[in-house]
Amino acid sequence: MTAFLFELLVPLSLGFFTFVALGDPGTVPARPQGNSAVEELMKVIDSPAGDIEPPDINRLCTTTWVMKGLRTKYCVQTGACVEEFDHYCVWLNNTIGKANHRQFVGLAIVEFFTQVTHVRLCMVTVMSLIPYQSFTQWMWGAITSYPLLTMIVVIHCVTAPWVLMLTLHQSRLVLMNLTTNEMMNMHRYEHFWTIRQIGPGHSSRIFRNPFNKGSGVANCLDFWWHRTRWQMVAQPQPLEGGCQKQCCNHSH
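According to mature numbering (1 follows the signal peptide of the UniProt record, and there is no 0), the sequence shown holds residues -15 to -1, 1 to 237 in order.
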């Protein structure tokens, strides 16, 4: 059963790896001069609507000349803006974004079980080849008789826990409807903070995730199925008496 599972997981891991490493992470095409977000911003500013609700020029990417969404970030390695930017993976040499994030999580899950099943197969093989008299004797026999096999097991024992931690980390972010980039840089993003009055003349910033759909199940469905992680949840009304001021709905 373990051998069959391993033979099933290996091509699955390779398939996920190929898709994530070579696929488009969700890049936004650059716009040419004359038909860029700059011209659109100019039109909005010159219109009456620009006086009522001024556009946020901070969302303009001055490299690709597109208006970035709240979860869109310019990636230097990719050379483009990536929707729902999560992080750049050096092991895959590709950015993780909207178009390949689910496959990346799938790769982490499958890779962990692939390594665990391979370790199990290696241990069963060595147990059948070397008679067990004591642990020290058996271990020394495995090292001296099958050094390559022993080295593979050691590598798995080092990398498998790391892959497990990556899987748990990504699963936690999915449950919270956050990205790795947002977790690391949320102090820079105004839409994650509300201002609450804590006393006369004193206020405090309170964290609030505007993308949280209300529960871990809803966030999981949003990640794996609905694909609307970029949509902000409606802001609650300020408390009566003005004791709480919510952040605006503008793009920051």
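Every residue, glycine too, gets a C-beta built ideally from N, C-alpha and C. The model shown is predicted, which means the values in this text are computed figures rather than measured ones.
Here's the rule: buried if 16 or more other CB atoms are within 10 angstroms of the residue's CB, otherwise exposed. What is residue i?
i: residue 68; result: buried
i: residue 50; result: buried
i: residue 226; result: Its pLDDT being 44, under 50, residue 226 is placed unreliably by the model, and the measurement read from it follows with that caveat. Exposed: under 16 other Cβ atoms inside 10 Å.
i: residue 52; result: buried
i: residue 89; result: buried
i: residue 81; result: buried
i: residue 60; result: buried
i: residue 169; result: exposed
i: residue 40; result: buried
i: residue 212; result: exposed
i: residue 109; result: exposed
i: residue 111; result: buried
i: residue 24; result: exposed
i: residue 167; result: buried
i: residue 142; result: exposed
i: residue 65; result: buried
i: residue 20; result: exposed
What do you reckon, is the C-beta of residue i under 8 Å from a heavy atom of the ligand FAD?
i: residue -7; result: Questions concerning the ligand FAD fall outside what the structure shown contains, since it holds no ligand whatsoever.
With distances taken between CB atoms, is the gap from residue i to residue j smaller than 9 Å?
i: residue 45; j: residue 15; result: no
i: residue 102; j: residue -10; result: yes
i: residue 57; j: residue 79; result: no
i: residue 123; j: residue 117; result: yes
i: residue 95; j: residue 138; result: no
i: residue 217; j: residue 196; result: yes
i: residue 208; j: residue 86; result: yes
i: residue 84; j: residue 17; result: no
i: residue 158; j: residue 165; result: yes
i: residue 115; j: residue 130; result: yes
Can you tell me which of the options puts its alpha carbon nearest to the alpha carbon of residue i?
i: residue 12; options: 25, 37, 54; result: 54
i: residue 160; options: 199, 26, 32; result: 199
i: residue 147; options: 169, 133, 100, 187; result: 100
i: residue -6; options: 48, 98, 18, 25; result: 98
i: residue 93; options: 201, 5, 83, 186; result: 5
i: residue 240; options: 186, 71, 127; result: Residue 240 lies beyond the range of the chain shown here (-15 to 237); nothing can be said about it.
i: residue 173; options: 31, 43, 33; result: 43
i: residue 179; options: 189, 30, 25; result: 189
i: residue -4; options: 145, 91, 119, 156; result: 91
i: residue 77; options: 184, 144, 8, 183; result: 8
Contact defined as beta carbons within less than 8 Å: I believe residue i pairs with residue j. What is the distance between those atoms, to the nearest angstrom?
i: residue -14; j: residue 149; result: Incorrect: roughly 18 Å between the Cβ atoms, too far for contact.
i: residue 135; j: residue 128; result: 5 Å
Secondary structure, alpha helix (DSSP H): runs of 4+ residues fully inside the region 44 to 115 = Counting whole runs of 4 or more residues, the region 44 to 115 contains the alpha helix (DSSP H) stretches 86 to 114.
inquiry  = Give the list of continuous alpha helix (DSSP H) stretches no shorter than 4 residues that lie fully inside the region 151 to 219.
reply    = For the region 151 to 219, the full-length alpha helix (DSSP H) segments reaching 4 residues or more read 165 to 170, 201 to 206 along the chain.
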